[in-house]
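Beneath this line is the structure, given in structure tokens, with notes to follow.
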Amino acid sequence: MKSMYSINNPQNIVATGRFSLHKKNLYYSFYVSEKATRPRAIQFMDATGNILEEHNLTIPTNGPFSIYQNTTGKLCGVWRRVPRDYRKLLKEDQIIVAILWGDKYQAELALAGRIEKYPALQSEILSSLLEPAPGTSPEQMAGAGGTAIVSAVGGTASSVHITLVVNGVFNPDEILDVPLNIRLEAHDKKQIILEDIQKVKKPAHAVNVIEISSPVSTSDLRLLARGKLFVTVESRRNPESLRLQGQVVSRVSCEIFQTVISSHNPDSQQRTNGLAWIYLNRDGGLVYNLEVNDLNYEVNPLVALVDDNGKRRLELEDLTPTLNRVTNEASGTIDRLGPKVLEPLYNGDLSVNILAKPDTTIARGRLVVKAVADARDSPAPILFKKVDEFSPPNVAGMAWVAVDSACELHYDLMLTGLHSYRHLELILEEKAFEVPGATITRTFLEEFNGNYLEGFSLEIPEWQLAKLETSVCYLEVYSKEFLRPLLRAKLKNVKVPSRCFPNDSDNELPIIASTMNDVGHPSYHALDSKCYSSGQFYEEGEQWADKLLECTMCSCVNRRVKCESIKCPPLRCKQEDVRHRKGECCPICLDAKTFEEVSLSKVERGCQLGSQFYQAGYSWHPYLPPSGFDTCAICTCDPVSLKITCPKVQCPQLQCSEKDAYRPDKKSCCKKCPEIRVETYRDKTHPDLLKDQGFTPNKTASTQEILSNGGCIHSTTVYENGQEWHPIVSSYGEVKCVDCRCKDGSIQCSKKRCTRSVCNNRILGRNKNKEKNIVDECCSTQCHRIRGHNHNARRMRRERMREHHNQHAKS
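Sequential numbering of the sequence shown, starting at 1, is according to the UniProt record's numbering.
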């Protein structure tokens, strides 16, 4: 393999990895030297160097980025559906992994190692990447490195166990019983927790395994858990030149701990539920995230991490101070972490409980470990909500959703309370706007049973993947047995790689980033795929209230900031019920009694929609990027139920057919009938009478009355029943030779017919008053045709008579 990859490693970069095989999927995790950049690829090979699988690790400049990997400094991934033959090689320790840097054709650097089983990994709670220590000789330490697998036990008999897998700390002439110094110490070497001398009977060229154990104090374990200690392995004979060292940090495995929070009492009518997910950062801090539905603050709830091991539950950490009462979310980091939290966490005994004081559990959920990859490598999970009151009382769930670089949609569901339900379906819903009556596209993803589902879809087209960022999308758990949905969750933070978007058509212009937005605001500019406004970056499609301009909403559309002043909906209440509260952009309709109750309330009541909070009773037009405010819908936060409704504007009933109706402009919500004028053609000599002398117009009748009495409508003109007129052709004018008549709602038109006598008089010149005789004007063309027709007929008769005469003469 030396001919395939460069073995030049001047910086002595080292990596250590952990692997776990679960349902044919091989999950991998790595710590790599901080001085190294992110690798471009990882390869799995057999013992002869044949490449079995390769994964691309490069991240596009516009993402999606992994928050977990950025926070922990780990490298995470999964090899899905490992073939049976390769799984056999894995069990026989015949799989080699190579991490590659550089371009695709010639790697600048490759680190390789064999995947092997170590019993100590089953109890690992902390890890260390051992690298050549500062001050050592780079030439002598070339290729040296190692890892430490650390486990600990707390309590009255606290102890620590360390398994070391190392190489490169031996002199060339050391072949038997080589002594090594091993220490667990503070970085400044002022405090040594553990110190031991171990002899390696026969140093191996690849790796050497060393195990040590020692009793420690509780305070030592606390320092260990908080990333304050270092492991040192050095040659006893040449310690200054041959020495490895590494900080003890959270274990290498890419993992999160998650749970669905719900009431576990089947007879309980408690509707509170939620989700929680936590993980350890590199320094051992516990990063926690929590989201809750239907939390009753009147009982002063307490949210806590609890050790469920044993009969008595032990409250470990109070998370309530970080709970936001508006969003019902909590997040933070517990830096001063000790073994009392780590042990139950890794043993599966740690839970998140919501309690009502005194010690009464409302809802709880036990944290379970999950490997980070694909769907679980997304920024955050989503919380399912019950579709209606017919859903089971204790049903709850959470889901992770992500799109990978190969444009595959991955999803991971964790549910509870569905033990009696079978034949479930996962549905993806998409609609362009979050307004009532919007068109919904439903895509079937998978059928499943039970409380857990992990899967992916290859059949979603590119245009639909793109809508995960630009449209409003939901995941729905549907029961085929009861023919109705049970749970629904709104997708958020789903980042789609740019390569998965449909190709631009020929008539679309490329998007050019600009440092000025449409309104020329100098504080806005675009950066990569994000937008920047007032010192903060925003994702594509995200919307927010402008921090500099009051009553202005902004959104990030095609890498540009677009802002629009808030449009206030019209008020439909009495003037005395109009209220304009401080800090609100639009007045609202609120009677005096309700306004007083809202004002005296100690808790700010309102509705949460995305990142925006609306006070009780407030009405607004929904802001729908990129088109802006939808003035055809009015959303309202009900002052009593605190539910948001967004009905469409009620349009008046049309007085004309749908075909004749039109919209005055693009922003008009309702169609209008064309402006109609009543036309009555009158004789010039009798201006008060119509052409039809027997018809008298009704000058005071409305259009509706005329039509109901048998009138007719043509284009924009209304005619009364019995009215006659000449039609008007735009390119010709009034056609006087055609008469039209309205009779009982229908229009009949006929052309004037000229009699033979009229044409004969015209041909013979008997008509002396041509200018005033309208009949002559209508018959001029017809008589010309008749004259030509008669002339031809006479000529044909003469020819037939001549032919008949000639035949008689011959006979």
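For every residue, glycine included, the Cβ atom is placed at its ideal position computed from N, Cα and C.
Rounded to the nearest angstrom, what separates residue i and residue j at their Cα positions?
i	j	result
Glu540	Pro64	12 Å
Gln11	Pro138	8 Å
Gln198	Phe170	13 Å
Asp196	Lys91	34 Å
Asp349	Asp307	6 Å
Cys473	Arg422	25 Å
Arg313	Asp359	10 Å
Asn353	Ala489	22 Å
Leu487	Ser250	36 Å
Leu458	Glu408	5 Å
Leu355	Leu305	11 Å
Leu290	Asp85	42 Å
Ser533	Tyr623	18 Å
Ile362	Arg271	9 Å
Cys651	Lys385	33 Å
Met720	Gly711	Reading off the sequence, residue 720 comes out as Glu, not Met. Cα to Cα, Glu720 sits roughly 4 Å from Gly711.
Ser213	Asn394	46 Å
Thr37	Asp177	38 Å
Within a Cβ cutoff of 6 Å, which residues of the same chain sit near residue i, ignoring the five residues on either side of it in sequence?
i	result
Ala98	Gln43, Ala110, Ala112
Arg114	Ile96
Leu426	Leu445, Glu446
His187	Phe230
Arg663	Lys671
Glu53	Phe44, Trp79
Asp412	Ala375, Arg376, Trp400, Glu454
Strictly by DSSP, which residues pair up with residue i?
i	result
His410	Ala402, Phe456
Ser128	Ala148, Val248
Trp101	Leu109
Met553	Ala545, Glu564
Ala592	In DSSP, Ala592 forms no bridge with anything.
Phe448	Leu424
Leu275	Val260, Glu291
Asn25	His22
Thr163	Ile149, Glu211
Arg484	Ser479
Cys254	Per DSSP, none; premise fails for Cys254.
Leu642	Answer by DSSP bridge pairing: none, since Leu642 is not bridged.
Could you spell out where the alpha helix (DSSP H) holding residue i opens and where it closes?
i	result
Ala225	218–225
Gln270	Per DSSP, Gln270 belongs to no alpha helix (DSSP H) and is neither H nor E.
Thr470	462–470
Would you identify the three-state DSSP class for residue i, choosing helix, strand or coil?
i	result
Lys562	strand
Pro179	strand
Glu705	helix
Pro502	coil
Ala206	coil
residue 818	This structure leaves residue 818 out entirely; the chain is present only between 1 and 811.
Pro344	helix
Ser20	strand
Arg492	In the sequence as presented, Arg is not what sits at residue 492; that position holds Lys. Coil, per DSSP.
Gln575	helix
Asp665	coil
Ile67	helix
Glu174	coil
Tyr614	strand
Gln94	coil
Gln43	strand
Ser123	helix
Looking at the C-beta of residue i, does it have a partner C-beta in chain B at a distance below 9 Å?
i	result
Cys754	Although the question refers to chain B, the structure presented lacks it and comprises just one protein chain.
Leaving out five residues before and five after residue i in sequence, what residues of the same chain have Cβ atoms less than 8 Å from its Cβ?
i	result
Pro626	Ser555, Val557, Asn558, Lys562
Glu240	Gly135, Thr136
Pro727	Glu734, Val735, Val738, Cys740, Cys749
Ser606	Strictly speaking, residue 606 in this sequence is Gly, with Ser absent from that position. Here the set comprises Val326, Phe613, Tyr614, Gln615, Ala616, Tyr618, Cys637, Leu642.
Taking the beta strand (DSSP E) that residue i falls in, what are its first and last residues?
i	result
Lys91	Lys91 -> not in any beta strand (DSSP E); alpha helix (DSSP H) instead, spanning 84–91.
Asn289	286–293
Leu305	301–307
Leu316	314–318
Leu52	51–56
Cys712	712–714
Closer than 7 Å by C-beta to residue i: which residues in its own chain qualify, once you throw out the five before and the five after it? Chain order, please.
i	result
Leu286	Ile278, Leu280, Thr333, Ile334, Leu337, Val341
Asn181	Ile197, Glu234, Arg236, Pro239
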